[in-house]
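To convert a position in the sequence shown, counted from 1, into the numbering used here, add 36. No residue lacks a Cβ here, since even glycine has one placed at the ideal position from N, Cα and C. The next block holds one structure in the form of structure tokens; read it before the comments.
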Amino acid sequence: MVSKEIRSAYLGSEEYMEPLKEELDKITSIHEQLVLSSALPIESLWSINTWLNPRILTIDSINDGAKQLKAIQRNWCLYSYQFHRRAKLIQEKLPHLSAKPLRFPCSLPTSPIGSWTLLNENKILASSKCSSLFKNGKVLFEENKDEPPSRAYLKLYESLTRIEKFPQPGEFCIDAGGSPGGWAWVINKLGARVLSIDRSPLDTKIISLPNVEYLKGDVFSIKPSDYDKVDWLFSDVICFPEKLFNWISLWFESKKCKNFICTIKFQSNQNYSFAKKFLEFSGGQVIHLYNNKHELTFIRIE
Ligand SMILES: C[S@@+](CC[C@H](N)C(=O)[O-])C[C@H]1O[C@@H](n2cnc3c(N)ncnc32)[C@H](O)[C@@H]1O
């Protein structure tokens, strides 16, 4: 049975559906990673693509489905959870969308993409407006399997691409919890100076790069008063969200740093609600990156 009133839909990450469901009201049904709701769209922290204006199209054939979608707009991406073959045949009649991964650093795509699915053989749920500019929220990059010492660099690729702002040559960055050095590698490639702080060492390839410094120790003993000015504060430290929040608060109060990209990490079965507290920092946003694991990312840019 199809609900008559679907006012929003949220695509979650396959492994992190629980926190998404906790955030949402008036859920009418869940189809694998897609949660339908009769409430107006909210700014969900855990959704990787929110369908902002879903509507139902009644179709009488594959051609008719494609025709109705094309009449709304050009670019459409299918999320398929059933009637896969029929859905694929409709999608094949729509204009092709590039599947090329991004080459970092790059700008964001300029053409928005709508999302659609088949609720039953003759009903399409289609949303021309979506929160993500990427197909089903998947932000895929060309990977570098040789240089970075961990895959964590993909999170930083995604964060910087989303905000379309990058550390510049001459800028000074702190990379908290930086070992083994994936984030430091990205910052170094962009030409900025980076100080990585961690209890564990940096990979030898990374520590030997020019403009990369390493300080061994507890990140939380580092205070804003130790520095005159920091252009970017990056953190990927494994710690409780409360601890990260208190530490970032010191930096905010000091006004010594303008740009923040910090991973908020969760243990299993943790209470996720504390993450909303990060929205109290003016101009801040909290998002679940496609490349995040059991994490959210706090971003605040001047
Ligand atoms: C997910 S890893 C960071 C990966 C890194 N961003 C990269 O790109 O390779 C988290 C790091 O936090 C560090 N860490 C956890 N608590 C810390 C603390 N209190 N002080 C310093 N480092 C800490 C761990 O040693 C670990 O190396």
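The beta strand (DSSP E) spanning residue i covers which residue range?
i           : result
residue 250 : 248-252
residue 67  : 63-67
residue 331 : 331-336
residue 47  : 44-48
residue 230 : 229-234
residue 152 : 150-156
residue 266 : 266-271
Residue i lies in the alpha helix (DSSP H); which residues open and close that run?
i           : result
residue 189 : 189-199
residue 126 : 120-128
residue 103 : 98-108
residue 281 : 277-290
Looking at residue j and residue i, is the spacing between their C-beta atoms short of 8 Å?
i           : j           : result
residue 63  : residue 102 : no
residue 157 : residue 119 : yes
residue 331 : residue 288 : no
residue 115 : residue 80  : no
residue 297 : residue 335 : yes
From residue i to residue j, what does the alpha carbon distance come to, in whole angstroms?
i           : j           : result
residue 85  : residue 176 : 14 Å
residue 251 : residue 320 : 28 Å
residue 166 : residue 262 : 43 Å
residue 130 : residue 243 : 49 Å
residue 310 : residue 46  : 21 Å
residue 108 : residue 74  : 22 Å
residue 128 : residue 117 : 17 Å
residue 273 : residue 203 : 20 Å
residue 184 : residue 78  : 36 Å
residue 123 : residue 113 : 11 Å
Apart from the five residues just before and just after residue i, which ones in its own chain have a Cβ nearer than 7 Å to its Cβ?
i          : result
residue 48 : 56, 69, 71, 82, 83, 84
I'd like the list of long-range same chain contacts for residue i, defined as Cβ closer than 8 Å, with 5 residues on each side in sequence excluded.
i           : result
residue 159 : 38, 92, 93, 94, 95
Cβ contact (3+ pairs, closer than 8 Å) linking the stretch 212-222 and the stretch 234-242: Segments in contact, yes.
Three or more beta-carbon pairs under 8 Å between the stretch 170-185 and the stretch 226-234, yes or no? no
Touching or not, the stretch 193-201 and the stretch 125-141, by the rule of three or more beta carbon pairs under 8 Å? yes
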